[in-house]
Amino acid sequence: MSLTDHLVARIRETGPLSLADYMADCLLHPRFGYYTTRDPLGAQGDFTTAPEISQIFGEMIGLALAQSWLDQGAPGRFTLAELGPGRGTLMADLLRAARAVPGFLDAAEVCLVEASPTLRAVQAETLKDHAPRWLDRAEDLPEGQPLFAVANEFFDALPVRQFVRQADGWCERLVGLRDGTLAFGLGAAAPQPALEHRLEDTRDGDLVEICEAAPPIVAELARRIAGHGGAALIVDYGDWRSLGDTLQALRAHERADVLSDPGSADLTAHVDFEVLAGAASAAGSGHSRLTPQGVFLERLGITQRAQALARGLTGDALDTLVAAHRRLTHPDEMGNLFKVLGLYPTQAAPPPGLDR
Ligand code: SAH
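Under the working numbering, think of the first position of the sequence shown as 1, with each following residue one higher.
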């Protein structure tokens, strides 16, 4: 039995699947899911991420969260959480950089929200000196204490539904069967209350995406931050409002077909930050302006940090560092495509590098 067999049987039994149901099985099916069964990151894998490109990314995030903790009076016990920690690299770099801030690590209770048993095992190895606690969902995060959190390339891995605007409503894009193989189709037109605000910036034929899983997760973070203090840095690719089909499959660093060999490629979609910001406000926390990753990292001093590291390097190691700095910050690379949204208590200052 393969994931394709499972999906075909499921569609035969219950009819075409929403893209979100398809994506959820592809990424996190307990037996065949992409994340469930492998560590997909790095040069040998399917895709790479900012923390895997250079240690300076995690260091900058760590110092930003630690400064935010100082700005809020250095609370004595707090949750230090990461959503979707991958290999644990970001958290390891963050913790190492934050050692420079007296008291921060002693006060931190490290919590990792991770769905993949395979990646949990990798994280356990990377973070063995820090006694992290693993949680299945954001709602399991500790209550009653400040929360300082980061999520890098987590929200882009959450399942999206897609809708095409038509004169008489929105038609959902569905995954069904044609001649026994997986194929896209369109459902019947229906009104979509969640897309009311998109009538203003779309025309018939336009496709929009909804990530229903994201707002409740942001609300869990925002509620804790509003109630007890803290901050969250949400870093991902996308924009304030996404338009069009942004679903992408990546296998061995190359674009792949979304429906071919399900479970063997990474599937992601652009993050619609407007929806995340709205969920944060509704749960009572403030949010920053959406800021390009390159601007955020430059404001935090990534160039000075890279220069300090460069002093000890020559040859290939130096070239790698220079290329990593460019890749993380340059507008033609990740600098502009990736954005940062900060959550913080309305009465507190936004995290460093971000504006109110
Ligand atoms: N943040 C890491 C990894 C990004 S890949 C980095 O920047 O390198 C996405 C991560 O989110 C993986 O760890 C994956 O297993 C996890 N993940 C995806 N969907 C999830 C879900 N619904 N709940 C918890 N973790 C999830």
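Quick reminder that beta carbons are idealized off the backbone N, C-alpha and C, glycines included.
Since this is a predicted model, take the numbers as computed values, not measurements.
Residue from 119, 319, 251 and 173 whose Cα sits closest to the Cα of residue 17: 173
Residue 336: CB within 8 angstroms of a non-hydrogen atom of the ligand SAH: no
Buried or exposed (CB count within 10 angstroms, at least 16 for buried), residue 304: exposed
DSSP three-state assignment for residue 27, whether helix, strand or coil: helix
Opening and closing residue of the alpha helix (DSSP H) in which residue 346 lies: Premise fails: residue 346 is in no alpha helix (DSSP H) and is neither H nor E.
Any non-hydrogen atom of the ligand SAH closer than 8 angstroms to residue 85 Cβ: yes
DSSP-derived helix/strand/coil call for residue 303: helix
Residue 1 classed as buried or exposed, judged by whether at least 16 other C-beta atoms fall within 10 angstroms: exposed
Enclosing alpha helix (DSSP H) for residue 87 [first to last residue]: That residue, residue 87, is in no alpha helix (DSSP H); it is neither H nor E in DSSP.
Any non-hydrogen atom of the ligand SAH closer than 8 angstroms to residue 358 Cβ: Outside the modelled stretch of the chain, which goes from 1 to 356, sits residue 358, for which no answer is possible.
Completely contained alpha helix (DSSP H) runs for the segment 199-287, where each covers 4 or more residues: 214-228 and 273-282
Residue 131 versus residue 47 - alpha carbon distance: 28 angstroms
Endpoints, beta strand (DSSP E) assigned at residue 393: As shown, the chain starts at 1 and ends at 356. That puts residue 393 outside it, with no answer to give.
9 angstroms Cβ cutoff met for residue 86 and residue 37: no
Three or more C-beta pairs below 8 angstroms linking the segment 95-107 and the segment 164-181: no
Residues near residue 171 by beta carbon distance below 6 angstroms, same chain, minus five either side: 164, 186, 187 and 189
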